[in-house]
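A.B. asks: Mind having a look at this structure? Questions to follow.
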Amino acid sequence: MAERFAVLPCNGLDKPAGPLAREIALALVEACQGELICPVLYNNLPARYAKALELPLIVIDGCGTRCASKLATEHDLKVRRKLQVTDALKEIGESAGEALTPDPERLALCRQLAERLLAAPAEESGVDAEAAFAEPVEYATVTHDKFIFRVPTQGYLFSENNCWARVAGGRARVGISDYMQQQLTDLTFCELPQVGAQVEQFGECGNVESVKSVADVVSPVSGRVVAVNAAVAEAPEIINEDPYVRGWIAELELTDLQSDQQLLMDGPAYLDFVRHQAAEYKPDR
Amino acid sequence: MANEPIKVGIISCAGEEIPEGTISRLAVRRVLERLRPGQAVTLCLPLFLAGDSGEREFARNYPTITIDGCDKRCAKWGTGKHSGPVNAALVVTDLLRDAAPLSGARSGCKLTDCDLAAVELVANRIVESFDRAVAEGFVPEEGAAAVSCGCDCSTPLPAGELLVDGERIIIAGLPMIFQQCSEDGLPADSADLAQRLVEAVAVYHPVPASHQDAYGLALARAYEAYLRSLQT
Amino acid sequence: MRDITGGVLIIPCSGIGKVHGLIAREATYRVVDDVEPQASETLCLALLVKGDEEAVTAVRTRPCITIDGCPKLCSYKNVELAGGNIAESVRVVDAFKGHKGAQPGTATELEEDGWIITEEIAQRIAARVHGLCGREEQ
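As they're listed, the protein sequences go chains A, B and C. Just so you know, we're using the numbering used here here: the first sequence kicks off at 39 and counts up by one. Just so you know, we're using the numbering used here here: the second sequence kicks off at -15 and counts up by one. Just so you know, we're using the numbering used here here: the third sequence kicks off at 59 and counts up by one.
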């Protein structure tokens, strides 16, 4: 039996891409006998869809505002696959058109996009990576004055630039540590690296900006960027809230972990490192 | 660790409604940045009240001073409720009693020279209390020991612990309240037990209107347990 | 203290540790003292958390606009907990997203960028106050 999905489309009413998102969602639900989630009702009454969300989730955004993706992020939902209508149409040389009511030609395109999304192989949609990186994390802490800095005890490697890499299979996610995000305070921007870019160990892999300063995200490992976390570009505060899991910045296909590791610290070693750094920490608050 | 300067926490009410709140905020910032840099640690009152564990834990383990804009003493109340007694509790209206009147401005861009002089005065008074707190140090109390009832009578009341909606609350005077109710013959199955207990507690410990029922339930249970303990 | 029985209540978090808290506070004063003094007033968040009856009654009976410096949402959460009638929730950190590279100042004093952001937030809130009062008059 084909895999079933829960489908969360956006609710765009004032742009042509919105109704197309809905049509794609309807086609998906029909094809996989899945569950359709109304974004407005979900926002007001999430419990209504608790059962439906036991299924893997597909998110359909009409346009670059990505309302459905944002809603999924706000509710901490794990997204198995996603599609942004205007981008997907552009890829096949089409557009959303001008009319708010889809014409037969665009309805056919919607069915086509739905079929492509369902047929996409698991690796491309990052299913395995999501599961691997979703494992729970245990933390040790360093306290300095009123500040508490968390460090994962296992599964993470750290550089002296206060950035981390979490390895799963031949890939690693990278981000900034709790100590670093607290030094920066509330992040206002996160610039992501380009997918496909080659990054050397200790090379730049995006940057983050707060009211205090701009800081490069220094990749602890070398590899090719295969995914970026669009959620933190939309809402950089996710990095402040959860720097080690939801606040990941980029995912790399590793090229030389064995030699990269020799210059990195594991959790306990980084804990000591933070303890020493914190002793010199002089916040202005 | 022994050679590290003693850190002191400072919690300002920073009340928005009155000019004294602005004075309080600026005075604390002055102490933090210029007068005692590296030693003063400001604790954000909104964060403190909202439950930030780092802020509350610091106040529990280090000398702490509160500065309130007015005699409603929100910072002192909040610190006492969530962390424990404070080393000093200052009130701006008291400190400025003999000073020139404030202009009434609340925004930082409208403060006059007179207002800025008030900031300086309050900051210096904070430093006096700060230095005294450093000299006194801090002795953490074990368990729910004596707690100030908030009236500045300098006679702490024995406190009791109550579990309200899963949260541990220290109530000043609770053992005495139970004792008095018991001596007055108030039975555990009295129809208005919860209400009477809440009214008695509220004299020493503010009970938010939205939590009256939760407090009533918790107090009734605790009182019932107290009466049973008298029988054993 | 001013009468808080009428008008829209604007409640900043006033977090003392970050510049965002100062911007929240200054934006509030810009609205209640300059732009909409007849239609708005502020209220001490700490007083509300303390359970002051007058403050609790005020947030339950007047429309409230909360302004939070950071995503911890101290003002929004506490007004909601008190049963407040929140018409809008403003986050200062969101306003920064339109000002890449801004140098707003410190938690003690705002720089020019900080005042620009403050004014933006204040005008947005003032427009909302205006709208809320218009609705009430109907």
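For each residue, glycine too, the CB sits at the ideal point set by N, CA and C.
Please report how far the alpha carbon of D152/C lies from the alpha carbon of A202/B, in whole angstroms.
C.D. replies: 41 angstroms
A.B. asks: Contact between the stretch 74 to 84 of chain A and the stretch 118 to 131 of chain A is defined here as three or more beta-carbon pairs at a separation below 8 angstroms; is this criterion met?
C.D. replies: no
A.B. asks: Please identify the residue among E129/A, I130/A, L95/A and G100/A whose C-alpha is closest to the C-alpha of C113/A.
C.D. replies: Note on residue identity: the sequence assigns His, not Cys, to residue 113/A. For the residues E129/A, I130/A, L95/A and G100/A, the minimum Cα distance to H113/A belongs to L95/A.
A.B. asks: Kindly indicate which residue of A72/B, K65/B and E17/B has the alpha-carbon position closest to the one of A143/B.
C.D. replies: Per the Cα distances, K65/B.
A.B. asks: Run down chain B in chain order and give the residues with a C-beta less than 7 angstroms from the C-beta of D183/A.
C.D. replies: K(-9), V25 and F42
A.B. asks: Can you pull the chain A residues whose beta carbon is under 9 angstroms from the beta carbon of G38/B, in chain order?
C.D. replies: Result: T181, D183, K184, F185 and I186.
A.B. asks: May I have the straight-line CA-CA distance separating T35/A from T48/B, to the nearest angstrom?
C.D. replies: Not covered by the structure: residue 35/A. The range shown for chain A is 39 to 323.
A.B. asks: Let me check understanding here. Comparing Cα to Cα, which of L74/A, A317/A and D280/A lies closest to V189/A?
C.D. replies: Out of L74/A, A317/A and D280/A, D280/A has the C-alpha closest to the C-alpha of V189/A.
A.B. asks: According to DSSP, is A140/C part of a helix, a strand, or is it coil?
C.D. replies: coil
A.B. asks: Using only CA atoms, which one of L80/C, A104/C, T86/C and V107/C lies nearest to S98/C?
C.D. replies: T86/C
A.B. asks: Tell me the rounded alpha-carbon separation between E169/C and G(-1)/B.
C.D. replies: 23 angstroms
A.B. asks: What residue range does the alpha helix (DSSP H) around P159/B cover?
C.D. replies: L158 to E167
A.B. asks: Would V249/A count as contacting chain C if we go by Cβ distances under 7 angstroms?
C.D. replies: yes
A.B. asks: For R284/A, which residues in the same chain have their Cβ closer than 6 angstroms to its Cβ, ignoring the five residues on either side in sequence?
C.D. replies: Cβ within range, chain order: I276.
A.B. asks: From this set, R149/A, E92/A and T191/A, which residue's C-alpha is nearest P306/A's C-alpha?
C.D. replies: Answer by Cα proximity: T191/A.
A.B. asks: Please state whether DSSP places P296/A in a helix, a strand or coil.
C.D. replies: A small correction: the amino acid at residue 296/A is Gln; Pro does not occupy that position in the sequence shown. The answer is helix: DSSP assigns Q296/A an H, G or I state.
A.B. asks: If you reduce the DSSP assignment to three classes, tell me which class K120/A lands in.
C.D. replies: Note: K120/A maps to strand in three-state DSSP.
A.B. asks: When you compare only the Cα positions, how much space is there between I(-10)/B and D115/B?
C.D. replies: 10 angstroms
A.B. asks: Since L105/B contacts L79/B with CB under 8 angstroms, what's their CB separation in whole angstroms?
C.D. replies: 7 angstroms
A.B. asks: Please state whether DSSP places D304/A in a helix, a strand or coil.
C.D. replies: coil
A.B. asks: In whole angstroms, give me the CA-to-CA distance for C105/A and R186/C.
C.D. replies: Between C105/A and R186/C, the C-alpha separation is close to 23 angstroms.
A.B. asks: Which same chain residues end up closer than 8 angstroms to G135/A when comparing Cβ atoms and leaving out the 5 residues on each side of it in sequence?
C.D. replies: P54, D141 and R144
A.B. asks: Excluding the 5 residues flanking E146/C on each side, which residues of the same chain have their C-beta closer than 6 angstroms to its C-beta?
C.D. replies: So the list reads I123 and R186, once near-sequence residues are dropped.
A.B. asks: Using a Cβ distance threshold of 8 angstroms, determine whether the stretch 170 to 177 of chain C contacts the stretch 296 to 316 of chain A, with at least three qualifying pairs required.
C.D. replies: no
A.B. asks: From the beta carbon of T223/A, is the nearest beta carbon of chain C less than 7 angstroms away?
C.D. replies: yes
A.B. asks: Flag this pair as touching only if the stretch 87 to 106 of chain B and the stretch 0 to 20 of chain B have three or more C-beta atom pairs under 8 angstroms; answer yes or no.
C.D. replies: The stretch 87 to 106 of chain B, when compared against the stretch 0 to 20 of chain B, does touch it at the 8 angstroms Cβ threshold.
A.B. asks: How should R90/B be labelled, buried or exposed, when 16 other C-beta atoms within 10 angstroms of its C-beta is the threshold for buried?
C.D. replies: buried
A.B. asks: Which residues in chain C have a C-beta closer than 7 angstroms to the C-beta of A73/B? List them in chain order.
C.D. replies: Simply none; closest approach about 14 angstroms.
A.B. asks: Distance, Cα to Cα, D99/A vs Q221/A?
C.D. replies: 34 angstroms
A.B. asks: For N245/A, report the span of its beta strand (DSSP E) as first-last.
C.D. replies: E242 to S248
A.B. asks: Could you work out which residues of chain C lie near V12/B, taking near to mean beta carbons separated by less than 9 angstroms?
C.D. replies: I74
A.B. asks: On a Cα-Cα basis, can you pick out the residue from G73/C, A160/C, V107/C and I69/C that is closest to V90/C?
C.D. replies: I69/C
A.B. asks: Which residue spans inside the stretch 173 to 198 of chain B form an unbroken beta strand (DSSP E) run of at least 3?
C.D. replies: none
A.B. asks: Any idea if K76/C is buried or exposed, counting beta-carbon neighbours within 10 angstroms, 16 or more meaning buried?
C.D. replies: With 16 or more Cβ atoms within 10 Å of its Cβ, K76/C is classed as buried.
A.B. asks: Could you give the DSSP three-state label for L80/B: helix, strand or coil?
C.D. replies: coil
A.B. asks: The beta strand (DSSP E) with P190/A in it runs from where to where?
C.D. replies: F185 to P190
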